[in-house]
Amino acid sequence: MRMSRLFSQTLRDVPGEAGLPSHQLLLKAGLVRPLSAGSYSYLPLARRALTKIEDIIREEMDAIGGQEITMPVVHPASLWQETGRWYQVGPEMARFKDRAERDMVLGMTHEEVIADLVRQEVRSYRQLPCLLYQIQTKYRDEPRARGGLIRVREFTMKDSYSLDADWEGLDAQYRAHYQAYFNIFQRCHLPVISVRSDVGMMGGQMAHEYMYLNPIGEDTLVLCDGCGYAANRQVAAARLPAAEAAPPLPSEPVATPDTPTIEALAELLQVPTACTAKAVFFMAMIAGGEGETDRERFVFAVVRGDSELNETKLANAIGARDLRPAREEEIRTVGAEPGYASPVGLQGDDLLLVVDELIPQSPNLVAGANKPGYHLRNTNYGRDYTASHVADLVLARDGDACAQCGGRLRTSRGVEVGNIFKLGTRYTEALGAVFLDSEGSSKPVIMGSYGIGSGRLLSCVIEEHHDEGGIRFPISVAPYHVSCVALLQRAPEVAAAAEKLYREAWSQGVEMLLDDRDATPGVKFNDADLIGLPLRLTLGARSLRQGGAELKPRDSEESRIVPLDEVVATLRAEVDRLLAASRTRVTTVPYVA
RNA sequence: CGGGGCGUAGCGUAGCCUGGUAGCGCGUCGGCUUUGGGAGCCGAAGGCCCCCGGUUCAAAUCCGGGCGCCCCGACCA
């Protein structure tokens, strides 16, 4: 491509809306342009980079047996009604009616369509295992788009779906993805870690997320340097100090004026916060079964005073699809007193009492008395009250002890660039996607689903690889291999030489972006740095006098003069060297369940 | 959906408080000069000052409503 013809224009000033470096550079270097909040047009440079990324993804998917397909973006609502997600998923799914007034959805993921394909195509265990994937547009009506391409409404995703006859097969395909994803990110020069994650609306048994560690990330991760434990904070486990065993003492009320917080209470009574019970209240939407309507229930959750509640864990423990903080009047209707609430003596049919697993092991806790200004000493789980659910509800915090090894946990922020889910039979059972096994009995196909957002991956690569001057594209992702800065002025022979090199380069597979514009050297050098191709070739009167063209890598200050008749061979060798080095980045990563 | 900020030429912005001629820089177009790190001079084009309504002799400016964008939070396969 000749820059005089390139549709993208670089900007001198960055639009004020851009905050993150990657967002600024995507705009400034002319890779993307916004259409509205969270939707972008990808201009030629971005399109080429995305194609490189997608081709890497294709290679790795094909290498584990994937077959590429394309499924529709618009789905009939009936399919989503069959699996129930029509009712479970909130407004992030875009819905509309077609001309016949039929409900339709814009696909935000494709489990339903895959399961529908499976029920049409798969008859026998002989057709399994199978792996299908597509690279295609997804639409999610995000409540808040942000960060340029980090979080958008419309995006391109590689989504793959594994189909198996048995759980061992699912495990094998899951593990294959686990490594293939590392290969993909490594080949894109993006450092990532895998963490255990919540299954969220996907359902299923197990999930990992691939995280690019960076403060711009929207997820908080909990990491242990001691044993390598890594989890999204939504599911992370921590080991809190066990309570000392003690015989249960008789419970007694105690006057505790002005102590609506655990800290004030512990201070007044001179007890550690670990000897208190903390109550938190929610209204939970519990999804109804088929034909049933959803039911809103009051949730009274209890954690030890020295811990914080993890809402994701709570929602999972009770099977809630939505949690919101309860209002004061709702708290009072179950007989509880905000600030002095007690799990002892609650009433109400729709009440769910949920306690953290440390509560039954912690004797003689101070809890509220459901009376303003009073608490109860020596409440004991089992004697004074029992819960409908006992589960780990604790939010892991920086500095807590690792549940696996006791080491010190630390937290870090990360951007989720990929995820893998063991789905099981949730969708195939709902849609009747069954096969006949070797004994002739009918069984639902076992599924996994696996996603990578290519646009988010591109912006993370730029976030990771840039400097004050602009982007520093890794060779594997770069839209072109080399920028040729042709300083045409005062040297007619430069134009001719540049044109000849340009043709030869492309004939040898060297992707050259030729800056043939009528612009000053400063403009051309700055744009070359901004766009950030891995190699820069400068051709001007000065370099010709020195015997050829100047070759300089984007990430180095070292340059050298290459004779004109060796330039293309040198570029070809240099590109091959960089590509080879890029491939050696791929290493096997131990699977951590 | 809560909190905050911002909408003025393609981009960056001044003017708004205290109502009265829309201004600057960059970019764009033409001309001459210049040419290895965002050149100089001369000339030109380009504005529903986000929209609707109100106050006023007069609104970019004040008031009300709406929309859009950004940031923080809630949310997020």
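So the first sequence is numbered by the working numbering: it starts at 32 and just counts up by one. Where is the CB? At the ideal position from N, CA and C, for every residue including glycine.
A Cβ-Cβ contact shorter than 8 Å links glycine 366 with glutamine 378. Inter-segment contact for the stretch 476-484 and the stretch 64-81 is absent: fewer than three beta-carbon pairs are separated by less than 8 Å.
Rounded to whole angstroms, the Cβ separation of valine 476 and leucine 159 is 7 Å, and the two are in contact under 8 Å.
By the CB criterion at 8 Å, cysteine 433 and arginine 264 fall outside the cutoff. Ile224 is the residue among Ile224, Glu524, Ser393, Gln520 whose C-alpha sits nearest the C-alpha of threonine 618. Inclusion of serine 613 and isoleucine 493 in the CB contact set at 8 Å is not warranted, their separation being larger than that value. Secondary structure of asparagine 245 (DSSP, three-state): coil.
DSSP, reduced to helix, strand and coil, places serine 514 within a strand of the structure shown. DSSP places methionine 32 outside both helix and strand once states are collapsed to three, so it counts as coil. Here the stretch 414-430 lies against the stretch 339-358, with 3 or more beta-carbon pairs under 8 Å apart. For secondary structure counted as the beta strand (DSSP E) over 3 or more consecutive residues, the stretch 485-536 holds these complete runs in sequence order: 513-517.
Ranking Pro272, Gly413, Leu384 by CA distance to the CA of glycine 437 puts Pro272 first. Annotation note: the stretch 120-184 contains the following uninterrupted alpha helix (DSSP H) runs of length 4 or greater, listed N- to C-terminal: 142-152.
Assigned with DSSP and collapsed to three states, arginine 227 falls in strand. By the Cβ-count criterion, lysine 453 is buried, with 16 or more other Cβ atoms from all chains shown falling within 10 Å of its own Cβ. DSSP places tyrosine 212 in the uninterrupted alpha helix (DSSP H) bounded by 198-218. Arginine 548 is a Cβ neighbour of methionine 34, given a cutoff of 8 Å. Distances from the CA of glutamate 495 to each of Val226, Lys583, Tyr205, Pro246 were compared; the closest alpha carbon is that of Pro246. The C-beta of aspartate 586 has fewer than 16 other C-beta atoms within 10 Å across all chains shown, which makes the residue exposed. A Cβ-Cβ separation of about 14 Å leaves alanine 49 out of contact with isoleucine 502 under the 8 Å criterion. Scanning its chain for C-beta atoms nearer than 6 Å, with the 5 sequence neighbours on each side dropped, one finds around leucine 354 the residues Phe313, Ala315, Glu342, Ala346, in chain order. A direct Cα-to-Cα measurement between alanine 604 and histidine 512 gives close to 12 Å.
If you ignore the 5 residues before and after glycine 179, its C-beta comes within less than 7 Å of the C-beta of Ala49, Leu51, Ser53, His54, Leu57, Ser490, all in its own chain and listed in chain order. In the three-state DSSP reduction, methionine 478 falls in the strand class (E or B). In this structure, leucine 137 sits near valine 104, with a CB-CB distance shorter than 8 Å.
Scanning Trp537, Met139, Leu244 for the CA closest to the CA of glutamine 167 turns up Met139.
Beta-carbon to beta-carbon, threonine 307 and alanine 295 are separated by about 11 Å, too far to satisfy the 8 Å threshold. Within the same chain, Cβ atoms closer than 6 Å to the Cβ of alanine 559 are found at Ser514, Val516, Arg567, the five residues on either side in sequence being excluded. Taking C-alpha positions only, valine 541 is separated from valine 606 by approximately 7 Å.
Excluding its 5 nearest sequence neighbours in each direction, leucine 582 has C-beta neighbours in its own chain below 7 Å: Leu566, Leu568, Ser590, Arg591, Val593, Thr601, listed in chain order.
Here the alpha carbons of alanine 536 and aspartate 202 stand approximately 46 Å from one another.
When C-alpha distances from methionine 32 are compared across Ala611, Ala305, Ala94, Met543, the shortest belongs to Met543.
Shown here, asparagine 409 sits in a strand according to DSSP, grouped into three states. The beta carbon of aspartate 197 is closer than 8 Å to those of Ile477 in its chain, skipping five residues each way along the sequence.
In this structure, methionine 102 keeps its C-beta atom at 8 Å or more from the C-beta atom of glutamine 151.
Sequence-distant partners of asparagine 401 (beyond 5 residues in either direction) whose C-beta falls short of 7 Å from its own C-beta, in its chain, are Gly366, Ala367, Glu368, Tyr371, Ala372, Ser373, Gly376.
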